[in-house]
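Trainee: Numbering (this note's numbering), first residue to last: 1 to 274. Idealized CB from N, CA, C, for every residue including glycine. Here the structure is a predicted model, which means the values were calculated and not measured. Can you keep this structure in mind? I'll have questions shortly.
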Amino acid sequence: VAKNYSKIRSANADNSKTVNSELVGEVWPMAVPAEDPVLYGQAELSPEGAFQVRSYQTFTLTYKVGRFGLDDNGSIRVVFRFFGDWGGLQTKDPAAPNFVTAFTSQGTKPQLDFQRIGHSRPWMKCLTARIQGGYLSEGDTITITFGDTSGGSPGFKMQTFVESAFEFKVLVDACAVGHYVPIVDKPAVSVAPGPPAVWKAVLPTLRRPGEIFQLGIKAEDEWGNPSDQADRELNLKASLKVKNLPEKAAIIMGQKSLALEKLSVADEGILSIC
């Protein structure tokens with residue numbers, strides 16, 4: 001018996017009687033109070049400044065509720081870029097690294113949840129602090145401590161690579177609809193290199209006799225970052241005669257590298273400088 005499946009599929013695909021999304025709680029984006037991000041609150045991070053790679057630190061982020069308040073089940077998110085080896089936040093072991101705590105100015109404890117893939121790219125690492133059993137009004141605060149040491153934790157473990165702005169990006173779901181609005185403030189710290197562990201000199205692989213080249217010198221910390229904490233005068237010795245190569249070169253504190261330029265070798269051979 002032949003059947004006309006196209007008509008059956010057509011009948012089953014009749015969506016004319018589906019319920020309007022606005023009537024079943026899907027209120028976004030209609031529930032957004034305003035587009036001005038200033039009205040969603042402010043955030044401050046303490047301390048600020050530069051902190052050494054792979055050190056343990058404690059940071060306190062204070063979020064001040066904006067004009068629209070924070071509804072019951074509303075929340076804020078602190079998100080971080082996905083790429084980074086500082087590890088994940090945790091709320092289970094107060095004696096372990098990266099222990100995080102939070103409280104409000106009303107004396108309540110927000111529910112904390114950290115997900116390594118909890119927000120959109122590139123801000124995938126995500127800590128959500130959700131308000132339950134009440135609401136917060138304008139001027140109330142949520143204080144989050146990253147690397148809380150009160151229970152024996154060594155603190156928040158910094159990543160291994162240098163970064164000029166390691167950002168604690170704050171977003172707010174004021175109306176508890178699941179849509180997070182970024183605030184204007186951009187709390188951030190700098191991740192700085194450690195002390196010198198290895199010295200490196202860099203020369204080009206091939207050059208013709210008489211061709212100009214340069215010698216690069218740098219000190220790296222134990223994680224491979226160029227260190228700005230070197231302060232040393234170096235004695236330079238070459239296996240061939242090098243025009244314009246000084247006998248000594250100095251790297252001073254705050255300088256990450258040194259380039260000796262306009263060097264050349266008249267003779268053929270393998271050049272090494274130490």
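So, helix, strand or coil for P37, using DSSP?
Mentor: Here P37 sits in helix by DSSP.
Trainee: Which of the three DSSP states, helix, strand or coil, is assigned to K248?
Mentor: It is a strand residue.
Trainee: Can you tell me the Cα-Cα spacing of Q52 and C126, whole angstroms?
Mentor: In a straight line, the C-alpha of Q52 is about 23 Å away from that of C126.
Trainee: Would you tell me roughly how many angstroms separate the C-alpha atoms of A201 and K109, rounded to the nearest one?
Mentor: When rounded, the distance between both Cα atoms is 54 Å.
Trainee: CB D173 to CB G74, shorter than 8 Å?
Mentor: Going by C-beta atoms, D173 is nearer than 8 Å to G74.
Trainee: Output the boundary residues of the beta strand (DSSP E) element that contains K241.
Mentor: K241 -> no beta strand (DSSP E), and no H or E assigned at all.
Trainee: Confirm, please, whether the CB-CB distance from P47 to V181 is below 8 Å.
Mentor: Going by C-beta atoms, V181 is not nearer than 8 Å to P47.
Trainee: Using the Cβ count rule (16 or more neighbours within 10 Å means buried), how would you classify C175?
Mentor: Buried, since its Cβ has 16 or more Cβ neighbours within 10 Å.
Trainee: Tell me, to the nearest whole angstrom, how far the beta carbon of F103 is from that of D148; I am working on the premise that it is less than 8 Å.
Mentor: F103 to D148, Cβ: 11 Å. No contact.
Trainee: Taking the alpha carbon of E220 as the point to measure from, which residue in G134, T141, Q255 has its own alpha carbon closest?
Mentor: Taking only the C-alpha atoms, the option nearest E220 is Q255.
Trainee: Do the CB positions of V170 and V191 come within less than 8 Å of each other?
Mentor: Not a contact, by the Cβ cut-off of 8 Å.
Trainee: With 16 other CB atoms within 10 Å as the buried threshold, where does K92 fall?
Mentor: Per the 10 Å Cβ criterion, exposed.
Trainee: Compare the Cα-Cα distances from G152 to each of R232, L45, P193, Y56 and report the closest residue.
Mentor: The residue with the shortest Cα to Cα distance from G152 is Y56.
Trainee: Assuming G210 and S264 form a contact by the criterion Cβ under 8 Å, report the distance between their Cβ atoms to the nearest whole angstrom.
Mentor: Yes, G210 and S264 are in contact; Cβ-Cβ is about 6 Å, under 8 Å.
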